[in-house]
Amino acid sequence: MASGIKDKVAIIGMGCSRFGERWDCGTAELQAEAFEEALKDAGIERKQIDAVWTGSGLDAVNTGNSAIPTAMALRLDGIPVSRMENMCATGTETLRGAAYAVASGAADIALAIGAEKLKDTGYGGLPTPYKGTFNDLWLPLGSAPAGFAQLAAGYRAKYGFSKEELKRALAHVSWKSHENGVLSPKAHLRKQVTMEQIINAPMIADPLGLFDCCGVSDGAAAAIVTTPEIARALGKKDLVTIKALQLAIGSGVESTTDQWDGSYVRTTRMAAKRAYAEAGITDPRKQLGLMEVHDCFSITELVTMEDLFISPDGGAVRDELDGFFDRTGGGVPCQVDGGLKCFGHPIAASGLRMAYEVYTQLLGRAGERQLSNPTIGLTHNLGGVPYLGIAAISILGLLG
Amino acid sequence: MVLQHTNLKRPRKKKQHQSKVLMKGDNKVSKTSTYGITGFGGYIPRLRMQRAAIAAAHKWMAPGLRSLGKGQRAFCSWDEDSNTMAVEAARDALGKRSRADLASVFLASTTLPFADLQNASIVAGALDIPNTTRTLDLGHSQRAGTSGLVTALRDTSAPALFIATDRPRGKAASTQEISVGAGAAAFTLGSDKVVATLLGSVSRTEVFVDHFRAEGAKYDYFWEERWIRDEGYMKLVPEAVKAALKETGVAAADVKHFIMAAPLKGIAAAVIKKSGLPAESEADNLDENCGYAGSAHGLIMLAHVLEKAGPGETIMLVGFGQGVDVLVLKTTDAIKDFKPVRGISGALADAQSHDAYLRLLSYEDSIELEWGMRAEKVLKTALNEQYRSRFQLASFVAGKCRKCATIQFPQLPYCVNTACHAPRENFDPYPLADQLAKVLTYTADSLSYHPSPPLYVGFAQFDNGGRLLMEIVDVGAAGLDVGMPLRIVFRIKDIDKARGYPRYFWKATPLQA
């Protein structure tokens, strides 16, 4: 195995815009909001940035193709700026690009930024994406919840849970994130809800109801990375370094062959194994201090607990209902900031927003929702659908 | 036994008839071969609208419809049209029969989706019929089915596929709307294992305008029913029937099945009576559970009669529209050995009853509903991509890798098996349309735009190991479940309303409605 990226790159500054229905902002303003916070946090100036990876997911909204609109918005003149798009995993991909640039020595300081202006569509939910001229001819249309809802059918068939049992565990996933969202000032949805409200909400894609689906939000997040040496030279004391950055993409095995039973996300498992190896984690259930995972839908978070090897296969329902992932449940707190569910899910910003929360918690800056002395955390950012997925995992921790 | 025509008299020259009716088509079949119908099948949409629901919706302005509010009529789902029904009817007739020997494909209808784009070529492509086959669309009259069939039987000698398909539309609150149905019938023609031969036929041409539909118009314009009955059917048909009996030497009493599809009630019985045919010869017009399926209806009734007919039975098939066709057919011993996949009877029984009348209007594009912004998606088809991909999309062909035996759809440049990854040149075509599949995963998607919400979507797991994400259609009240058996149907995938282009693909449907 390659030597990996562990402790080769430090995050010295992060920013995150307020998420939500930002009727006041376009993509450029959201980018500027996150950018300014990150610059201030890092204590550097714009001109010290050597290279930029900018992410946006949907061309129907935002500012169009290429990195030019970002370069113009943030006045990034003459330096390499690349646009990244890998569906909902775009945010983590921008971090990967910036981190690799620093680790390779190609750049001293690099910026990763992701932004999405979803509320410019005119309706709730995500715009229907184009799938290319060939896939449009045969692949069924289907919303994002329809893609993930199928996990529920596969999961129930494999482990024999009744519809009601699974629905209750799924409701707990969302209930917990709403509890956390209340304590998260920049979150989109900051309101407690009851289990009954969740269970009885209108159906979106069977068995996922309204509260099983994450917020469709505007937002941006950014990270500034450099080497630990440069970070120290800049006067940084407590250093958050990247312990692992892994990505696994599906090549059609799940969707074309009978090598997948519909109950889990294969790409998450592949990325997780490599990430734990890269970070030197042997028992994630005990070692991880917190997780920010891709809870685009409640069922996604539930199976992710198994795909990240936190819960045994078929055991996430019990862990969920036992409160193992609750902020104060004594297990591994998950979605402490509210997650995609309540913090919101501006596509290309989400991976960086997850890193922002882990970074904030590791540095002890999380205010009301601060966990007690976490030293290592994981982000899990999933693009596509369970059967044609892009799983991007980062593990961040305090150095030394 | 197979009837031979060599012992029959050659057609005699006709004396000029006193009327203006053209008589040149009158003759019994003189071909010495035993060319005839070798197979048959049909399709009726699963969806049936209760006529009482239609009558109830119009009660405020057309209370008279109440008298027609019995039974149910078949209607096309939003993703069915005359082409998709034709494909399903042909699959029913063809079963596992090889398509390689078919020299021609005829498609008869007055409701084909394209005015200039040969619909028969789409149907033939979906059926995986070789591109060396001649294809032809026929239409423009309620006689399209019978005139087409008689032409094919008389003038063709090589194996052929004849399909009649129709989905007549009636304006809201018209008697047509509540009476008509939809469906298709398909016949294989040839000289091997003939199940019914044509003894002879008679055709008459008269510009009798009982109704018409101008190019581009959506609905028919009808004249008074009483005139159509008295001056049309009751005068033109008995004369032609008489001539056909004379030509074929068949006695009126020997007609076992009289098939005359008509949008008017009771007209077949009246013609039977006037022509001196046995009263019991009147074939079931499928009004109770289907309704008049336009130019295809007579042939649907014929396929239905053939399902139950024994050897040596005489069938008279009448088509009416700007004249008359009368075909006299006789079944052979071989009829005992042919069975369609499920036949018209099977299709009739596979019914899903609906009472939401606006569903019918919406599927027929007769009412504009608010579908929301998601329905604004541009559905333009890249025609060159469609052409390039026809080897796998037109008739739903997976690839089977010769290196590792993995069956895969779609066929991409390399084998999907991670232990193989052989280039596509190693794939053998592996048709999926007739393969058995089951539900692996599913959901009912209420968020996506879909003309028949919710959109049911899930993985169809084929018993042969292949799988793909498919739209699942005509799902009944029972919904879906993992493991539920599915069959594959040819449907419209998307309708590009801005450009008027439907693109077709294959979908899955529960075996049981």
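Taken in sequence, the protein lines are chains A and B.
Sequential numbering from 77 applies to the first sequence in my numbering.
Sequential numbering from 123 applies to the second sequence in my numbering.
The C-beta atom is built at its ideal place from N, Cα and C for all residues, glycine as well.
Alpha carbons only, please: which of the options is nearest the one belonging to residue i?
| i | options | result |
| --- | --- | --- |
| T204/A | I594/B, Y552/B, A318/B, H572/B | H572/B |
| A225/A | S132/A, A186/A, D282/A | D282/A |
| T344/A | I125/A, A191/A, A467/A, R98/A | A467/A |
| F627/B | G601/B, G605/B, E593/B | E593/B |
| C101/A | D294/A, D314/A, P450/A, I318/A | D294/A |
| E97/A | G420/A, N457/A, M430/A, F401/A | G420/A |
| L286/A | K417/A, P462/A, L242/A | K417/A |
| R361/A | S387/A, S374/A, P278/A, D371/A | S387/A |
| G415/A | T404/A, G406/A, G407/A, R429/A | R429/A |
| K461/B | A630/B, L187/B, D214/B, G354/B | D214/B |
| A555/B | N548/B, L399/B, F531/B | F531/B |
Identify whether residue i lies in helix, strand or coil by the three-state DSSP scheme.
| i | result |
| --- | --- |
| Y564/B | strand |
| H476/B | strand |
| D398/A | helix |
| F237/A | coil |
| A620/B | coil |
| R168/B | coil |
| E192/A | strand |
| S325/B | strand |
| A104/A | helix |
| E382/A | helix |
| K153/B | Confidence at K153/B is low in this model, with a pLDDT of 44, below 50, so the placement of that residue should be treated as unreliable; the coordinate-derived value is given next. Coil, per DSSP. |
| I81/A | coil |
| T209/A | coil |
| D288/B | strand |
| F442/B | strand |
| D294/A | strand |
| Q411/A | coil |
What in chain B is Cβ-close to residue i, meaning under 7 Å?
| i | result |
| --- | --- |
| A277/A | Simply none; closest approach about 12 Å. |
| G427/A | In chain order: nothing, as chain B lies at least about 24 Å away. |
| S219/A | D567, L569, S570 |
| T196/A | For the record, residue 196/A in the displayed sequence is Asp; it is not Thr. Per Cβ cutoff of 7 Å: no residues; D196/A is ~12 Å from chain B at best. |
Starting from the beta carbon of residue i, find every residue of chain A whose beta carbon is closer than 7 Å, and list them in chain order.
| i | result |
| --- | --- |
| T68/B | The structure shown does not extend to residue 68/B, since chain B is modelled only from 123 through 635, so no value can be given for it. |
| E593/B | P216 |
| P532/B | W214 |
| F197/B | Within chain A, no residue comes near F197/B; the closest Cβ sits about 23 Å away, beyond 7 Å. |
| A504/B | T209 |
Is the beta carbon of residue i sitting closer than 8 Å to the one on residue j?
| i | j | result |
| --- | --- | --- |
| S338/A | F584/B | Residue identity differs from the one stated: residue 338/A is Gly in this sequence, not Ser. Against a cut-off of 8 Å, the Cβ pair of F584/B and G338/A comes out as no contact. |
| A183/A | L397/A | no |
| P422/A | F95/A | yes |
| G131/A | T170/A | yes |
| Q474/B | R168/B | yes |
| A225/B | R256/B | yes |
| I81/A | E354/A | yes |
| G453/A | L366/A | yes |
| A165/A | G473/A | no |
| S417/B | R265/B | yes |
| I375/A | L265/A | no |
| E435/B | H379/B | yes |
| A75/B | G158/B | Absent from the structure is residue 75/B, since the part of chain B shown begins at 123 and ends at 635. |
| I87/A | A320/A | no |
Anything in chain A within Cβ reach of residue i, meaning under 9 Å, just list it in chain order.
| i | result |
| --- | --- |
| T454/B | Here the premise fails: no neighbours, minimum Cβ distance about 43 Å. |
| G622/B | Result: empty, since nearest Cβ-Cβ is about 17 Å, beyond 9 Å. |
Against residue i, what residues of chain A qualify as contacts under a CB-to-CB distance less than 8 Å, listed in chain order?
| i | result |
| --- | --- |
| F330/B | Residues of chain A passing the Cβ test: none, with the nearest at roughly 45 Å. |
| R625/B | L213 |
| Q508/B | L213 |
| N495/B | Sequence inspection shows Met at residue 495/B; the Asn mentioned does not correspond to that position. Those within 8 Å of M495/B in chain A are T197, G198, Y199. |
How would you list, in chain order, the residues of chain B whose beta-carbon sits under 8 Å from the beta-carbon of residue i?
| i | result |
| --- | --- |
| S331/A | F581, R589, L590, L591 |
Whose Cβ in chain B lies nearer than 9 Å to the Cβ of residue i?
| i | result |
| --- | --- |
| Y340/A | Going along chain B, no residue has its Cβ under 9 Å from Y340/A, so there is no contact; the nearest lies around 12 Å. |
| I280/A | D567, S568, L569 |
| D334/A | L562, Q583, F584, G587, G588, R589 |
Just to make sure I have the definition right: I need the residues of chain C whose C-beta is within less than 7 Å of the C-beta of residue i. Which are they?
| i | result |
| --- | --- |
| F237/A | Going by chain labels, chain C is absent from the structure shown, which instead holds the protein chains A and B. |
Handout entry: Within the segment 310-361 of chain A, ranges of the alpha helix (DSSP H) (whole runs, at least 4 residues)
Key = 329-332, 342-355
Exercise for the section: Entirely within the segment 548-617 of chain B and at least 3 residues each: give me those beta strand (DSSP E) ranges in chain order. Expected result: 549-553, 559-567, 577-584, 589-593
Practice task
Write down every uninterrupted run of the beta strand (DSSP E) in the segment 206-262 of chain B whose length is 3 residues or greater and which is fully enclosed by it, in chain order.
Solution key: 226-230, 256-260
Practice task
Starting from the N-terminal side, write out each stretch of the beta strand (DSSP E) that is 3 residues or longer and does not extend beyond the segment 410-444 of chain B.
Solution key: 436-442
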